[in-house]
Amino acid sequence: MIRSWLLAAFLSLAAMGAGRACATIYGPQITPDTLRPQEPVDFPYFRESVRFPGGADTVELAGELTLPTDAPARALAVLISGSGPQDRNQDLGPVINHRPFLVLSDYLTRRGYGVLRYDERGVGGSTGDFFGATTTDFAEDAAAAVAYLRGRKAFRDVPVGLIGHSEGALVAPMVAAAQTPSVDFLILLAAPGLPLDSLMLDQRQMIAGQTPPDQPVIRGAFTYVKQHPNLDSAAFVRELKDTILTLLPRLDSTIRKSIYDPATFAATYARSLSSPWIRQFLSLDPTVFLERVRVPVLALNGEKDTQVGINNLEAVAAALDRGGNPDFTTVALPDLNHLLQPALTGHPNEYGSIMTTLDPRVLQQLTDWLDARY
Numbered sequence: 036m037i038r039s040w041l042l043a044a045f046l047s048l049a050a051m052g053a054g055r056a057c058a059t060i061y062g063p064q065i066t067p068d069t070l071r072p073q074e075p076v077d078f079p080y081f082r083e084s085v086r087f088p089g090g091a092d093t094v095e096l097a098g099e100l101t102l103p104t105d106a107p108a109r110a111l112a113v114l115i116s117g118s119g120p121q122d123r124n125q126d127l128g129p130v131i132n133h134r135p136f137l138v139l140s141d142y143l144t145r146r147g148y149g150v151l152r153y154d155e156r157g158v159g160g161s162t163g164d165f166f167g168a169t170t171t172d173f174a175e176d177a178a179a180a181v182a183y184l185r186g187r188k189a190f191r192d193v194p195v196g197l198i199g200h201s202e203g204a205l206v207a208p209m210v211a212a213a214q215t216p217s218v219d220f221l222i223l224l225a226a227p228g229l230p231l232d233s234l235m236l237d238q239r240q241m242i243a244g245q246t247p248p249d250q251p252v253i254r255g256a257f258t259y260v261k262q263h264p265n266l267d268s269a270a271f272v273r274e275l276k277d278t279i280l281t282l283l284p285r286l287d288s289t290i291r292k293s294i295y296d297p298a299t300f301a302a303t304y305a306r307s308l309s310s311p312w313i314r315q316f317l318s319l320d321p322t323v324f325l326e327r328v329r330v331p332v333l334a335l336n337g338e339k340d341t342q343v344g345i346n347n348l349e350a351v352a353a354a355l356d357r358g359g360n361p362d363f364t365t366v367a368l369p370d371l372n373h374l375l376q377p378a379l380t381g382h383p384n385e386y387g388s389i390m391t392t393l394d395p396r397v398l399q400q401l402t403d404w405l406d407a408r409y
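If you're matching positions, the sequence shown starts at 36 in this note's numbering and goes up one per residue.
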């Protein structure tokens, strides 16, 4: 949930009256040209560039399908990335400089599985508007990817599942719960299990290492967002700004004194919470969808994840159990962060300095689980 982390960081900086942010980068300095050891340098399998209709008339998704060449695919997996505009490789940008989905698709395809990964709408070769989209829109795109595979004659008897990371691990149960089209399995990586407004509050606290100074304001702002899902954009920003102004007296006096212009501060806060994505995101409860999932599920979370705390994995398991899912496995992996890398602290500032893209334990868990079923 890179986008939610950036939002959390921005809101905390706004609360402290900061004009710009300075980040501490742990470990060696990494440049965009640094070679990540797990990224493939050869591709001993079939690769096909594909385009297919997305979840809306204005959306066409571009991606790549990889297939083993020595035997038919044991199963097919559609990869669903987390929040923030990401391409088919889940490229996390020059600072982090990791492409987890490139590594994951290569690993799975070498072991007999077909993988479809795609650029999110409005990103790379895909058309559409990313920044006007909601989590529901991304779920419709993922469903369209499944429908595309189901529609290919060669795959009609091949199991098709979803592998989602972070917000993608929320999207996957949304698709599976809808059952149109049907999927055969889910693999959830760093999946949210708590209501998203609660998760975001926890995330801000874990990353800051303490209760953020603006917690009374952001808690009240989140409540307002959830209570006004259908208010038009202009009225929403105006009324949320007024709500935030009424919450400022709850702040510590030192923080209040650092806010030189309360009206500008409140307006900045309100605008940051006004996009279609965040307005819907804060209202979502993953358990609503997880309780309706009947296909096999594997959920893996890192114990040092500071963006989606390990208590989310417990909530995922509880929801699947309540719903009567007959085949689910949840695994808490020690010392792994939100990107499922081996980590010292789990703080997002550490991601780029870690050479490993995906911890080998994660990859092994995935293939062991898949091999046992397909």
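Built from N, CA and C at the ideal position, the CB exists for glycine as well.
With 16 other Cβ atoms within 10 Å as the buried cut-off, status of residue i
i           : result
residue 397 : buried
residue 405 : buried
residue 149 : buried
residue 130 : exposed
residue 59  : With a pLDDT of 37 at residue 59, under the threshold of 50, the modelled position of that residue is not reliable, and the figure given next carries that caveat. Exposed, by the Cβ-count rule.
residue 117 : buried
residue 339 : buried
residue 359 : exposed
residue 204 : buried
residue 304 : buried
residue 399 : exposed
residue 314 : buried
residue 264 : exposed
Coil, strand or helix - residue i by DSSP
i           : result
residue 88  : strand
residue 82  : strand
residue 224 : strand
residue 194 : coil
residue 389 : coil
residue 56  : Note that residue 56 scores a pLDDT of 30, beneath 50, so its modelled location is shaky; the value from the coordinates is reported in the next line. Looking at residue 56 - three-state DSSP - the assignment turns out to be coil, as it is neither helix nor strand.
residue 282 : helix
residue 326 : coil
residue 270 : helix
residue 111 : strand
residue 97  : strand
residue 13  : Here the chain covers residues 36 to 409 and nothing more, so residue 13 does not appear.
residue 377 : strand
residue 63  : Its pLDDT being 48, under 50, residue 63 is placed unreliably in this model, and the value from its coordinates should be taken loosely. Correct three-state label for residue 63: coil.
residue 44  : Any reading at residue 44 needs caution, since the residue's pLDDT is 49, under 50, leaving its predicted position unreliable; the model's value is listed next. Residue 44 falls in the helix class under three-state DSSP.
residue 70  : coil
residue 275 : helix
Bounding residues of the beta strand (DSSP E) (the contiguous stretch that carries residue i)
i           : result
residue 153 : 149 to 153
residue 157 : Run containing residue 157: none; DSSP gives neither H nor E here.
residue 337 : 332 to 337
Residue i vs residue j beta-carbon contact at 8 Å
i           : j           : result
residue 282 : residue 252 : yes
residue 308 : residue 266 : no
residue 393 : residue 337 : no
residue 382 : residue 201 : no
residue 153 : residue 97  : yes
residue 248 : residue 290 : yes
residue 179 : residue 90  : yes
residue 316 : residue 231 : yes
residue 401 : residue 366 : no
residue 185 : residue 168 : no
residue 301 : residue 279 : yes
residue 378 : residue 389 : yes
residue 94  : residue 176 : yes
residue 108 : residue 147 : yes
residue 122 : residue 158 : yes
residue 74  : residue 134 : yes
residue 272 : residue 216 : no
residue 136 : residue 114 : yes
Minimum Cβ-Cβ distance from residue i to chain C less than 8 Å
i           : result
residue 319 : The structure shown contains no chain C; it holds only a single protein chain.
Segment limits, alpha helix (DSSP H) that includes residue i
i           : result
residue 346 : 346 to 357
residue 213 : 203 to 213
residue 367 : Segment 363 to 368 is the beta strand (DSSP E) holding residue 367; no alpha helix (DSSP H) there.
residue 184 : 170 to 185
residue 305 : 297 to 307
residue 407 : 395 to 408
residue 103 : Careful: residue 103 lies outside any alpha helix (DSSP H) and carries neither H nor E.
residue 261 : 250 to 262
residue 314 : 311 to 316
residue 229 : Residue 229 -> no alpha helix (DSSP H), and no H or E assigned at all.
residue 138 : 135 to 145
residue 130 : 128 to 131
*asked:* With three or more beta-carbon pairs closer than 8 Å as the criterion, would you say the stretch 140 to 158 touches the stretch 217 to 237?
replied: no
*Can at least three beta-carbon pairs, one atom from the stretch 157 to 165 and one from the stretch 188 to 196, be found at a separation below 8 Å?*
no
*Count the C-beta pairs between the stretch 72 to 92 and the stretch 101 to 110 that are closer than 8 Å, then say yes if the count reaches three, no if not.*
yes
*Stretch-stretch touch, CB-based, cutoff 8 Å, three pairs: the stretch 237 to 244 with the stretch 349 to 356*: no
*Are the stretch 207 to 221 and the stretch 320 to 337 in contact at 8 Å, needing three or more beta carbon pairs?*
yes
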